[in-house]
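J.: In our numbering, the protein residues as written are 190 to 485.
Where a beta carbon is used, it is the ideal one built from N, C-alpha and C, also for glycine.
(1) Using the C-alpha atoms, what's the distance from residue 400 back to residue 372?
(2) Could you tell me whether the Cβ atoms of residue 435 and residue 419 are closer together than 7 angstroms?
(3) Taking the straight line between their C-alpha atoms, what separation do you get for residue 244 and residue 220?
(4) Buried or exposed: which applies to residue 190, given that a residue is buried once 16 or more other Cβ atoms fall within 10 Å of its Cβ?
(5) Rounding to the nearest angstrom, what Cα-Cα distance links residue 256 and residue 297 in this structure?
(6) Might you give, ordered along the chain, the residues of its own chain that have their beta carbon closer than 6 angstroms to the beta carbon of residue 302, omitting 5 neighbours on each side?
(7) Would you identify the three-state DSSP class for residue 194, choosing helix, strand or coil?
(8) Alpha carbon to alpha carbon, how far is residue 347 from residue 421?
(9) Does the segment 383 to 399 come within contact of the segment 459 to 472, defined as at least 3 CB pairs closer than 8 angstroms?
(10) So, helix, strand or coil for residue 448, using DSSP?
(11) Quick one: grab the DSSP three-state call for residue 441.
(12) Looking only at its chain, what residues have a beta carbon closer than 7 angstroms to the beta carbon of residue 441, apart from the 5 residues adjacent to it on each side?
(13) Look at the alpha carbon of residue 237 and the alpha carbon of residue 229, and state the distance between them as a whole number of angstroms.
(14) What's the gap between the Cα of residue 231 and the Cα of residue 327?
(15) With DSSP as the reference, label residue 471 as helix, strand or coil.
(16) Output the distance between the C-alpha atoms of residue 218 and residue 227, rounded to the nearest integer angstrom.
(17) Nearest CA to the CA of residue 242: which residue from 215, 340 and 261?
(18) Suppose the cutoff is 8 angstroms on Cβ atoms and the five residues either side in sequence are ignored; what does the same chain contact list for residue 252 look like?
(19) When DSSP labels each residue in this structure, what does residue 209 get in the three-state scheme?
(20) Give the secondary structure of residue 312 by DSSP, where H, G and I count as helix, E and B as strand, and everything else as coil.
(21) Thinking C-beta only, is residue 292 closer than 7 angstroms to residue 368?
(22) Quick check on residue 375: does DSSP put it in helix, strand or coil?
(23) Measure the C-alpha to C-alpha separation of residue 423 and residue 333 and round it to an integer number of angstroms.
(24) Mapping the DSSP letters down to three states, classify residue 271 as helix, strand or coil.
(25) Which same chain residues end up closer than 6 angstroms to residue 300 when comparing Cβ atoms and leaving out the 5 residues on each side of it in sequence?
(26) Applying the criterion that 16 or more other CB atoms from any shown protein chain within 10 Å of the CB defines a buried residue, is residue 209 buried or exposed?
(27) Please report the distance separating the alpha-carbon of residue 417 from that of residue 468.
(28) Any contact between the segment 341 to 359 and the segment 423 to 433? By contact I mean 3 or more CB pairs, one from each, below 8 angstroms.
(29) Once you ignore the five residues that flank residue 456 on each side, which residues in its own chain have a CB closer than 7 angstroms to its CB?
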């Protein structure tokens, strides 16, 4: 009987370990397949950028490694300094300006809003936060026309300001900062006040450095959204000299002819800024995203 019980007891831990192993293998396999699905169009686009535009029309996006048709002509043309190249880098510069200004202003404005909603107690605090969250439930398409009329009234049509201003107080970014700040000890504020620090000094010199992971996480998301935005900039910007990169690349597709050589190579080169930002801040991004997962 004792031996039988021991055998039964041995099966329990082994069975649990086997289930965990199977779960790990299935989970790894699922995310590997998901990663391949996500990577495929990017890899196919990268290969297409080394082929003539006629090959893209003939074959479409594929991962066929036909070395005979691959060369650097598209990238040489992109950096040749001709009219198409000048227009491309003008659009590139416009996107960089709008993205950098938008990200910096949005992060700091949303941080201070979230700081006020988290660190201070005042009347209607929860109601104001509810209003912030409620704006996340309204689709942008519903707000687009009123915002457009407002931009016209402010004489901001065809300006970078008109593109940037509507996203400076982003509800999801405020929510993220508030959740992150709520995990910080309030004793930091009390200790700083005892030492004679001002409220502004506490927010910028004590609390803000502790939120680097949150800034990195929201920074990359805001940069991706601003860099890839096309609908709102398309409404506001009228002159081709102020187009952002997505709008400019879209103008290369016309009923009268398509410049796929510049389009594909330019699209691949346009990924570079976001990729560089992600690689630089990867550690902070992962830390920020998982900050609220473990508390205690």
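T.: Checking against the coordinates, here is how it stands:
(1) The sequence position of residue 372 within the chain shown is 183, counting from 1. The sequence position of residue 400 within the chain shown is 211, counting from 1. Distance between the alpha carbons of residue 372 and residue 400: 11 angstroms.
(2) Counting from one through the chain shown, the residue named residue 435 turns up at place 246. Counting from one through the chain shown, the residue named residue 419 turns up at place 230. For residue 435 and residue 419, yes; Cβs fall inside 7 angstroms.
(3) As a working mapping, residue 244 is identified with position 55 in the chain shown. As a working mapping, residue 220 is identified with position 31 in the chain shown. Cα to Cα, residue 244 sits roughly 32 angstroms from residue 220.
(4) As a first step, residue 190 is located in the chain shown; it is residue number 1 there, counting from the start. The predicted model places residue 190 with a pLDDT of 49, which falls under 50 and marks its position as unreliable, so this point remains unresolved.
(5) Against the chain shown, residue 256 aligns to sequence position 67. Against the chain shown, residue 297 aligns to sequence position 108. Residue 256 and residue 297: Cα-Cα distance of roughly 49 angstroms.
(6) Translated into the one-based positions of the chain shown, residue 302 becomes position 113. Counting only Cβ-Cβ distances below 6 angstroms, and skipping sequence neighbours, we find 363.
(7) Looking up residue 194 in the chain shown gives position 5. Confidence at residue 194 is low in this model, with a pLDDT of 47, below 50, so its placement is unreliable and the value that follows should be read with caution. Residue state, collapsed to three classes: helix.
(8) For the purposes of this step, residue 347 is identified with residue 158 of the chain shown, where counting begins at 1. For the purposes of this step, residue 421 is identified with residue 232 of the chain shown, where counting begins at 1. If you take the alpha carbons of residue 347 and residue 421, they lie about 11 angstroms apart.
(9) no
(10) Here residue 448 is taken as the residue at index 259 of the chain shown, counted from 1. In this structure, residue 448 counts as coil in the three-state DSSP scheme.
(11) What you label residue 441 is simply residue 252 of the chain shown in a count that begins at 1. Three-state DSSP puts residue 441 in coil, outside helix and strand.
(12) Counting from one through the chain shown, the residue named residue 441 turns up at place 252. Result list for residue 441: 447, 448, 451 and 452, in chain order.
(13) For this step, residue 237 is matched to residue 48 along the chain shown. For this step, residue 229 is matched to residue 40 along the chain shown. Taking the straight line from one Cα to the other gives about 12 angstroms.
(14) Walking along the chain shown from the start, residue 231 turns up at place 42. Walking along the chain shown from the start, residue 327 turns up at place 138. Going by the C-alpha atoms only, they are around 31 angstroms apart.
(15) On the chain shown, residue 471 is found 282 positions in, with the first residue counted as 1. If DSSP states are grouped into helix, strand and coil, residue 471 belongs with the helices.
(16) Here residue 218 corresponds to residue number 29 of the chain shown, with the count starting at 1. Here residue 227 corresponds to residue number 38 of the chain shown, with the count starting at 1. Computed Cα separation, rounded: 14 angstroms.
(17) Sequence index remark: in the chain shown, residue 242 carries index 53 (1-based). For residue 242, the nearest C-alpha among the options comes from 261.
(18) Here the question's residue 252 lines up with position 63 in the chain shown. Answer for residue 252: 229, 232, 233 and 236, listed in chain order.
(19) If you number the chain shown from 1, residue 209 lands on position 20. Helix, per DSSP.
(20) One-based indexing of the chain shown puts residue 312 at position 123. Residue 312: coil per DSSP, three-state reduction.
(21) If you number the chain shown from 1, residue 368 lands on position 179. If you number the chain shown from 1, residue 292 lands on position 103. Contact: no.
(22) The residue labelled residue 375 in the question sits at position 186 within the chain shown. In this structure, residue 375 counts as coil in the three-state DSSP scheme.
(23) Numbered from 1 along the chain shown, position 234 holds the residue referred to as residue 423. Numbered from 1 along the chain shown, position 144 holds the residue referred to as residue 333. Their Cα atoms are separated by approximately 12 angstroms.
(24) For the purposes of this step, residue 271 is identified with residue 82 of the chain shown, where counting begins at 1. In the structure shown, residue 271 sits in coil (DSSP, three-state: anything other than H, G, I, E or B).
(25) The residue labelled residue 300 in the question sits at position 111 within the chain shown. 366, listed in sequence order.
(26) As a working mapping, residue 209 is identified with position 20 in the chain shown. With fewer than 16 other Cβ atoms within 10 Å, it is exposed.
(27) Here residue 417 refers to the residue found at position 228 when the chain shown is read from its first residue. Here residue 468 refers to the residue found at position 279 when the chain shown is read from its first residue. Their backbone Cα atoms lie some 18 angstroms apart in a straight line.
(28) yes
(29) For this step, residue 456 is matched to residue 267 along the chain shown. Taken in chain order, the residues that qualify are 234 and 438.
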